[in-house]
Amino acid sequence: MTRSPRLPGTITRISLTTVIACAISLTSAQGADLSARDVSTLLFRAAPGSHPSLANRDLARLDLAGLDFKKADLRKTNLFGTDLTGADLSGADLKGASLDRVTLISAKLDGAMLDDASMMRPSTTSTLSPMANEAPSLKGASLKRVKFFGDFTGADFSGADLTDSVCAPNNRTGFIEHIWRTTFSGANLSGTNLTRADMGRAQLSFAVMKGAIMQATMLREADLSGADLSGADLSGADLTGADLTDADVTGANLTGAHLRNAKGLETLKGLSLTKNFDKIVR
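Here my numbering is used: the first residue of the sequence shown is 25, the next is one more, and so on.
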């Protein structure tokens, strides 16, 4: 029996296997620059105060849980989907880094520099119901112009700088997450700088915002029910349609604040002790 001649360009079983292997190899090559072991070794060997450099690296989807980053340089580093459970990133430089889909359960980012970073839909709890002891800590962190979206229930942002940050990406950037809200319920935002931050529709119920600077902050349709706004500077803030039921505004500065269609004004606590309530915009 005569075999049919092989046509030019016909892929044999061997060549097809080779093609698949090459494709897998190429896919792996396009993954993280370093392995979790590489990162762990680098950090372990780094001398205290040396600020080990991991800038511009692709560390996506690595398991880096529990590591002490020793104030590492992580500028513009890709940390998409990376597990940072229990990691210590205090004082780390994360300017422009991507922390989208990152796991931040019990992570510590106190004093970290995260200006211009993206933190979209991080995992901050191991259960369906947020637990206070699992919330990340970002005390005193610099979060200027950061894009937030996700659940930060119980997180500690005390003393952090969120100037010009966007916590409601659907309002300006057209993200499809318009159905949900960025959640800061029960979070500690005392003493934070939220100047010009966009927190439209954010869930801030029972958040502690004592002494927060909220000048010209966008809070349209935000849920601030039960929030502690005592001593906060809300001058020029836009609270149109916001829910202020049972919120505490003792000593707050409301000069020029927009409260059109705001809910729960009759239930506000400390209203008689606010500054310039007569100068609000209704």
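Using N, Cα and C, we set each Cβ at its ideal position, and we do this for glycine too.
- In summary, Ser130 is buried, with 16 or more beta-carbon neighbours lying within 10 Å of its beta-carbon over all protein chains present.
- Residue environment: Leu297 is assigned as exposed (fewer than 16 neighbouring CB atoms within 10 Å of its CB, all protein chains considered).
- Ser142 sits in a strand when the DSSP states are folded into three classes.
- For the pair Thr149 and Asp175, the CB atoms are nearer than the 9 Å cut-off.
- Note on Thr291: under 16 other CB atoms within 10 angstroms of its CB, so exposed under the neighbour-count rule.
- A direct Cα-Cα distance of roughly 10 Å separates Phe301 from Ser259.
- Listed in chain order, the non-local C-beta contacts of Ala221 below 6 Å within the same chain comprise Leu186, Ser189 and Thr241, local neighbours out to five positions each way being set aside.
- For Thr216 and Gln239, the gap between their C-alpha atoms comes out near 11 Å.
- Between Leu213 and Phe181, the beta carbon gap of about 5 Å places them in contact (Cβ cut-off 8 Å).
- Beta bridge pairing from DSSP links Phe172 with Met143.
- Take Glu245, set aside five residues on each side of it, and the residues of its chain with a beta-carbon closer than 7 Å to its own are Gly224, Arg225, Gly265 and Ala266, in chain order.
- The C-alpha of Val305 is placed about 7 Å away from the C-alpha of Arg284.
- Between the alpha carbons of Arg61 and Leu67 lies a gap of roughly 10 Å.
- With respect to Ala111, Leu88 sits close: the two C-beta atoms are nearer than 9 Å.
- Boundaries of the alpha helix (DSSP H) harbouring Arg69: Ala60 to Arg69, taken from the DSSP string.
- In the three-state DSSP reduction, Asn217 falls in the strand class (E or B).
- Assigned with DSSP and collapsed to three states, Ser296 falls in helix.
- Across the structure, Lys100 and Ala256 are spaced so that their CA atoms are roughly 33 Å apart.
- Using a Cβ distance threshold of 9 Å, Gly135 and Gly178 do not count as a contacting pair.
- Judged by DSSP in its simplified three-state form, Asp117 adopts strand.
- With a threshold of 16 other beta carbon atoms within 10 Å, Lys163 meets it and is buried.
- By the neighbour-count definition (other C-beta atoms within 10 Å, threshold 16), Gly73 is an exposed residue.
- Residue burial is scored here from C-beta neighbours: Lys95 has at least 16 other C-beta atoms within 10 angstroms and is therefore classed as buried.
- Each residue's CA atom was taken as its position, placing Leu98 and Ala281 some 38 Å apart.
- Note on geometry: alpha-carbon atoms of Asn102 and Asp117 lie some 13 Å from one another.
- Gly288 sits away from Gly275, with the two beta carbons spaced by 9 Å or more.
- One alpha carbon belongs to Val273, the other to Leu133, and they sit about 29 Å apart.
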